[in-house]
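To convert, note that position 282 of the sequence shown is 1049 in my numbering; the numbers rise steadily by one, no gaps.
The structure under discussion appears below in the form of structure tokens.
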Amino acid sequence: MDQMIDDRLLLQESKKRKLRVNQRDLESGVIQVKSRFLPEAGRRELETILQKQMASRPPNQAGQDTGEGMDLAAAWQQLTKSNPGDVKEADAKFKEELAKEGLNDKKFEERIRDQLSVVQLTGQEVRSRAKTPSDEEVKKLYEQIQQIQQGKDVAGLSAEQKADLESLSRYFTTQTGERIRARHVLIRVPKDSPFKEKSQAYQKAEDLHKKIKGGEDFAELAEKFSDDKASAVNGGDLGFFTRGQMVASFEKAAFGLGVGEVSDVVETDFGFHIIKVEEKKAATKPRLQDVQDDLKEYLFRVNQQQVFEGFVKDLRKGASIKVLADVNELSKQ
């Protein structure tokens, strides 16, 4: 109910200010919705067309992207010529959805126009009021993250702020914690499989383990036999990962290996693995200068959210709001 009220207040304010949505933005908004109904192949093709537009955009004299050339309507037109079947299917499903909601094209365009005018309004307000975080604020946040990483309590935080700090701490740990790059071969078998199936899967993994120990190429065997097809195409390469990103038994085995070493057969809920460590990187303490841009971006987004919430509160103060429905009764339905 609160969200509905906020949405209505924002729309009324945008109309009061007579904000205008240009036709190109309106067309793009409608196409964005239509594109959700494209089959997978059509979506990928549309993304490719847009990526080519991005690549062809001219930079300005400072070498910055001007934003010119990105035209969703033109991209949709091109897709209509190259893949008319998928576009036709998307249009049909789009019209079905409109019919379910009791809308025609004109009413739907009006809804998109209203949404874009609210986006325009909030963008104006946030840009004019949001402040760039100071160096002192960035340093304070950095020190708080260091406390979290050391297992210390940070006083004076709300539950939401603490959760955000813990999330940031986990992010920086993945960037600077001890990391290894490993390959694996997976013989997949569900954990609740009958004993016979698990025994057969284990024996297959054990046979592969013997071949690896006998000198056969790990990457070639992974490519040929691993049931993890996403990594198999790269010889079983999982890239770099830190502690906490893999299931416990896999992680324990992987981090217990030296570079070039191969594990015994390891069981997880996914099946049986053979792991080979290719590289190791020691944990490093993130320096302020290395992470200050990320911290500034985070603080700026927090400030933007606060500005937006303050703007909506101001709109509520100046509005006459009457809730005619019994919210408690509605929640029971």
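Quick reminder that beta carbons are idealized off the backbone N, C-alpha and C, glycines included.
Please report the straight-line C-alpha distance between residue i and residue j, rounded to a whole angstrom.
{"i": "V867", "j": "K860", "result": "Checking the sequence shown, residue 867 turns out to be Lys, not Val. Cα-Cα distance, rounded: 11 Å."}
{"i": "R878", "j": "V921", "result": "45 Å"}
{"i": "K991", "j": "D769", "result": "56 Å"}
{"i": "L1082", "j": "L778", "result": "11 Å"}
{"i": "S802", "j": "R880", "result": "18 Å"}
{"i": "A1021", "j": "Q928", "result": "34 Å"}
{"i": "T899", "j": "V1090", "result": "38 Å"}
{"i": "N1001", "j": "K907", "result": "42 Å"}
{"i": "E807", "j": "E814", "result": "11 Å"}
{"i": "T889", "j": "L1024", "result": "53 Å"}
{"i": "Q1105", "j": "L870", "result": "Absent from the structure is residue 1105, since the part of the chain shown begins at 768 and ends at 1100."}
{"i": "V905", "j": "D931", "result": "15 Å"}
{"i": "S998", "j": "E964", "result": "24 Å"}
{"i": "E864", "j": "D774", "result": "22 Å"}
{"i": "M771", "j": "K862", "result": "25 Å"}
{"i": "F939", "j": "F962", "result": "42 Å"}
{"i": "G944", "j": "F1017", "result": "18 Å"}
{"i": "E903", "j": "V1014", "result": "39 Å"}
{"i": "R735", "j": "D858", "result": "In this structure the chain extends from 768 to 1100, so residue 735 is not present and cannot be described."}
{"i": "A1050", "j": "Y1065", "result": "23 Å"}
{"i": "E973", "j": "K1052", "result": "40 Å"}
{"i": "L839", "j": "R784", "result": "27 Å"}
{"i": "A989", "j": "K1043", "result": "11 Å"}
{"i": "K1080", "j": "A1086", "result": "10 Å"}
{"i": "F804", "j": "T847", "result": "14 Å"}
{"i": "S895", "j": "A926", "result": "29 Å"}
{"i": "D1060", "j": "S901", "result": "12 Å"}
{"i": "S823", "j": "Q887", "result": "27 Å"}
{"i": "G918", "j": "L1055", "result": "19 Å"}
{"i": "L776", "j": "Q1012", "result": "43 Å"}
{"i": "F1078", "j": "Q891", "result": "11 Å"}
{"i": "D1093", "j": "S934", "result": "38 Å"}
{"i": "S795", "j": "M821", "result": "16 Å"}
So residue i and residue j are supposed to be a Cβ contact under 8 Å. How far apart are they, rounded?
{"i": "K885", "j": "S781", "result": "At residue 885 the sequence reads Val, which differs from the Lys that was named. Right, their Cβ atoms sit about 5 Å apart."}
{"i": "I816", "j": "Q845", "result": "5 Å"}
{"i": "Q967", "j": "S936", "result": "That belief does not hold up - the Cβ atoms of Q967 and S936 are roughly 43 Å apart, past 8 Å."}
{"i": "K1047", "j": "V1026", "result": "6 Å"}
{"i": "F1067", "j": "A842", "result": "With 8 Å as the limit, F1067 and A842 do not qualify as a contact, their Cβ atoms being about 31 Å apart."}
{"i": "E735", "j": "V797", "result": "Residue 735 lies beyond the residue range present for the chain, which begins at 768 and ends at 1100; the question has no answer from this structure."}
{"i": "I979", "j": "V1029", "result": "6 Å"}
{"i": "D1004", "j": "I954", "result": "18 Å between Cβ atoms; not a contact."}
{"i": "E910", "j": "N850", "result": "The Cβ separation is near 53 Å, so there is no contact."}
{"i": "L975", "j": "V952", "result": "6 Å"}
{"i": "G809", "j": "D853", "result": "3 Å"}
{"i": "D1031", "j": "L883", "result": "Between L883 and D1031 the Cβ distance is about 59 Å, and since that is not below 8 Å, they are no contact."}
Report the three-state DSSP secondary structure of residue i (helix, strand or coil).
{"i": "D1036", "result": "coil"}
{"i": "T899", "result": "coil"}
{"i": "V983", "result": "The sequence as given places Glu at residue 983; Val does not occur at that position. E983: coil per DSSP, three-state reduction."}
{"i": "E794", "result": "helix"}
{"i": "R1180", "result": "What the structure shows of the chain is the stretch from 768 to 1100, and residue 1180 is not part of that stretch, so it cannot be assessed."}
{"i": "R937", "result": "helix"}
{"i": "R787", "result": "coil"}
{"i": "R946", "result": "strand"}
{"i": "R955", "result": "strand"}
{"i": "I772", "result": "helix"}
{"i": "V885", "result": "helix"}
{"i": "K1043", "result": "strand"}
{"i": "K919", "result": "coil"}
{"i": "K1052", "result": "coil"}
{"i": "D974", "result": "helix"}
{"i": "D838", "result": "coil"}
{"i": "F804", "result": "coil"}
{"i": "Q779", "result": "helix"}
Return the chain-ordered ranges of every alpha helix (DSSP H) run that is complete within the stretch 994-1030 and spans a minimum of 4 residues.
Scanning the stretch 994-1030 for uninterrupted alpha helix (DSSP H) segments of 4 residues or longer gives 996-999, 1015-1022, listed from N- to C-terminal end.
Answer yes if the stretch 953-962 comes into contact with the stretch 1029-1041, meaning at least three C-beta pairs across the two stretches below 8 Å, and no otherwise.
The answer is yes - the stretch 953-962 touches the stretch 1029-1041, with three or more Cβ pairs under 8 Å.
Looking at C-beta atoms only, is the number of pairs between the stretch 980-996 and the stretch 1064-1078 that lie closer than 8 Å three or more?
With the cut-off at 8 Å, the stretch 980-996 and the stretch 1064-1078 do not touch.
Mind the definition here: the stretch 944-956 touches the stretch 996-1011 only if three or more C-beta pairs lie below 8 Å; say whether that holds.
Counting C-beta pairs closer than 8 Å gives three or more between the stretch 944-956 and the stretch 996-1011, which meets the contact rule.
Please give the ranges of any alpha helix (DSSP H) in the stretch 1062-1100, keeping only runs that are unbroken, at least 4 residues long and fully inside the region.
Those alpha helix (DSSP H) runs which fall completely within the stretch 1062-1100 and span 4+ residues are 1094-1099.
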